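**Q** From first to last, the protein sequence lines are chains C and F. The numbering used here puts the first residue of the first sequence at 47, with every later residue one more than the last. The numbering used here puts the first residue of the second sequence at 457, with every later residue one more than the last. Backbone N, C-alpha and C fix where the C-beta goes; we use that ideal spot for every residue, glycine too. None of these values were measured; they are calculated from a predicted model.
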Amino acid sequence: GAVVSQHPSWVICKSGTSVKIECRSLDFQATTMFWYRQFPKQSLMLMATSNEGSKATYEQGVEKDKFLINHASLTLSTLTVTSAHPEDSSFYICSRGVPVPLTQYFGPGTRLTVL
Amino acid sequence: AQKVTQAQTEISVVEKEDVTLDCVYETRDTTYYLFWYKQPPSGELVFLIRRNSFDEQNEISGRYSWNFQKSTSSFNFTITSSQVVDSAVYFCALYGSEYGNKLVFGAGTILRVKS
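1) Leaving out five residues before and five after P497(F) in sequence, what residues of the same chain have Cβ atoms less than 8 angstroms from its Cβ?
2) In angstroms with no decimal places, state the Cα-to-Cα distance between I467(F) and G99(C).
3) Assign A463(F) to one of two classes, buried (16 or more other C-beta atoms within 10 Å of its C-beta) or exposed (fewer than that).
4) Would you kindly work out how many angstroms separate the C-alpha atoms of D511(F) and A130(C), rounded to a whole number?
5) Taking Cβ positions only, does K558(F) come closer than 8 angstroms to chain C?
6) Under 8 angstroms, with one C-beta from each stretch per pair, do the region 78 to 88 of chain C and the region 547 to 554 of chain F reach the 3-pair mark?
7) Rounded to a whole number of angstroms, what is the C-alpha to C-alpha distance between L492(F) and V65(C)?
8) Does the ligand ADP have a heavy atom nearer than 7 angstroms to the CB of I67(C)?
9) Could you please tell me which residues of the region 501 to 516 of chain F, in chain order, have their CB closer than 9 angstroms to any CB of chain C?
10) Can you name the residues of chain C whose CB is closer than 8 angstroms to the CB of A544(F)?
11) Assign R142(C) to buried or exposed, taking buried as 16 or more other Cβ atoms, counted over all protein chains shown, within 10 Å of its Cβ.
12) By Cβ distance, which residues of its chain are closer than 7 angstroms to L120(C), with the 5 residues on each side in sequence left out?
13) Just list the alpha helix (DSSP H) runs in the region 502 to 550 of chain F, keeping only unbroken ones of 4 residues or longer that don't cross its boundaries, in chain order.
14) Please tell me whether F74(C) has its Cβ less than 8 angstroms away from any Cβ of chain D.
15) Pop quiz: S538(F) and E471(F) are said to be a contact at Cβ under 8 angstroms. What is the actual Cβ separation, rounded to whole angstroms?
16) Determine the direct distance from the alpha carbon of T465(F) to that of V144(C), and round the result to whole angstroms.
17) Would DSSP call E109(C) helix, strand or coil?
18) Since I67(C) and Y138(C) should fall inside the 8 angstroms C-beta cutoff, what is the C-beta to C-beta distance between them, to a whole number of angstroms?
19) Compute the beta-carbon to beta-carbon distance between V127(C) and K110(C), rounded to the nearest angstrom, for a pair I have assumed lies under 8 angstroms.
20) Return no unless some Cβ of chain C is closer than 8 angstroms to the Cβ of Y551(F).
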């Protein structure tokens, strides 16, 4: 069964609004979770590493103030897209890893459409 | 230079044909891990296999098999007797310290299996 859930699975919002996406680890207390972005017909791009109890680590070129990440518990990480614009429309996927054997398991993804 | 190269953008086969998806990687690490993930039209990435750099033994799982060759830095994936349900995007990924202990994905190969 699924080990990572995401909510919502899709969301449509107006430009300028903020959207929060939740990622839950269902079977494992994850100190680290990952957020990816995927454009149509493209590969996954790592946006940030979410660390429980501390600040997220963002990849180069990803705006920290635009994509707020909170990892307040060992089973929940949230990504908030602030002041969303049409160019933020994308498929956002989270994952959680296991130190051994280093395998990342992915959530079902959230499709964000900003009008 | 790409760290993980999946040269085949798209492959179309007829059901029951065998198909091989190529993956070539680059790394200076001696210890690293290679992965294959399947992304069906639903969008959720499904973990297929993990291989560490010290284990060059080929693996077979049902209709799936993997050929890992360090000498050519390749980790190819073969589906035997393909089925329509195999239609998906397949991603090869690399994990190692050279790339900051993060998953680096290839561009993906779209596999279309026609009945």
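**A** The short version:
1) On the second sequence, residue 497(F) is found 41 positions in, with the first residue counted as 1. So the list reads S543, A544, once near-sequence residues are dropped.
2) Within the second sequence, the letter at position 11 stands for residue 467(F). Within the first sequence, the letter at position 53 stands for residue 99(C). CA-CA distance, I467(F) to G99(C), rounds to 44 angstroms.
3) Sequence index remark: in the second sequence, residue 463(F) carries index 7 (1-based). By the neighbour-count rule (16 or more Cβ atoms within 10 Å), A463(F) is not buried but exposed.
4) Walking along the second sequence from the start, residue 511(F) turns up at place 55. Walking along the first sequence from the start, residue 130(C) turns up at place 84. Just so you know, the alpha carbons of D511(F) and A130(C) end up roughly 45 angstroms apart.
5) Position 102 of the second sequence, counting from 1, holds the residue named residue 558(F). Taking 8 angstroms as the CB threshold, K558(F) lines the interface with chain C.
6) No, because fewer than three Cβ pairs between the region 78 to 88 of chain C and the region 547 to 554 of chain F fall closer than 8 angstroms, the two stretches do not touch.
7) Start at 1 with the first residue of the second sequence, and residue 492(F) comes out as number 36. Start at 1 with the first residue of the first sequence, and residue 65(C) comes out as number 19. The displayed chain sequence assigns Trp, not Leu, to residue 492(F). Straight across, the Cα-Cα distance linking W492(F) with V65(C) is about 31 angstroms.
8) The model on display carries no ligand, and the ligand ADP is accordingly not part of it.
9) Within the region 501 to 516 of chain F, the qualifying residues are L501, V502, F503, R506, N508.
10) For the purposes of this step, residue 544(F) is taken as residue 88 along the second sequence, with counting starting at 1. Neighbours of A544(F) on chain C: none; closest Cβ ~13 angstroms, over 8 angstroms.
11) Here residue 142(C) corresponds to residue number 96 of the first sequence, with the count starting at 1. Counting Cβ neighbours within 10 Å, R142(C) comes out buried, since at least 16 surround it.
12) On the first sequence, position 74 is the one that residue 120(C) refers to. Around L120(C): Q75, A76, T77, E98.
13) Within the region 502 to 550 of chain F, no run of alpha helix (DSSP H) at least 4 residues long lies entirely inside it.
14) Protein chains in the displayed structure are C and F, and chain D is not among them.
15) Against the second sequence, residue 538(F) aligns to sequence position 82. Against the second sequence, residue 471(F) aligns to sequence position 15. At roughly 6 angstroms, the Cβ-Cβ gap stays under 8 angstroms, so S538(F) and E471(F) are in contact.
16) Translated into the one-based positions of the first sequence, residue 144(C) becomes position 98. Translated into the one-based positions of the second sequence, residue 465(F) becomes position 9. Annotation: V144(C) to T465(F) spans about 30 angstroms, alpha carbon to alpha carbon.
17) On the first sequence, position 63 is the one that residue 109(C) refers to. Coil.
18) Within the first sequence, numbered from 1, the residue matching residue 67(C) stands at position 21. Within the first sequence, numbered from 1, the residue matching residue 138(C) stands at position 92. Between I67(C) and Y138(C) a beta carbon distance of about 6 angstroms is seen, short of the 8 angstroms cut, so the two are scored as contacting.
19) Here the question's residue 127(C) lines up with position 81 in the first sequence. Here the question's residue 110(C) lines up with position 64 in the first sequence. The beta-carbon separation of V127(C) and K110(C), rounded to 12 angstroms, does not stay under the 8 angstroms limit for a contact.
20) Residue mapping note: residue 551(F) aligns to position 95 of the second sequence, counting from 1. Yes, its Cβ sits closer than 8 angstroms to a Cβ of chain C.
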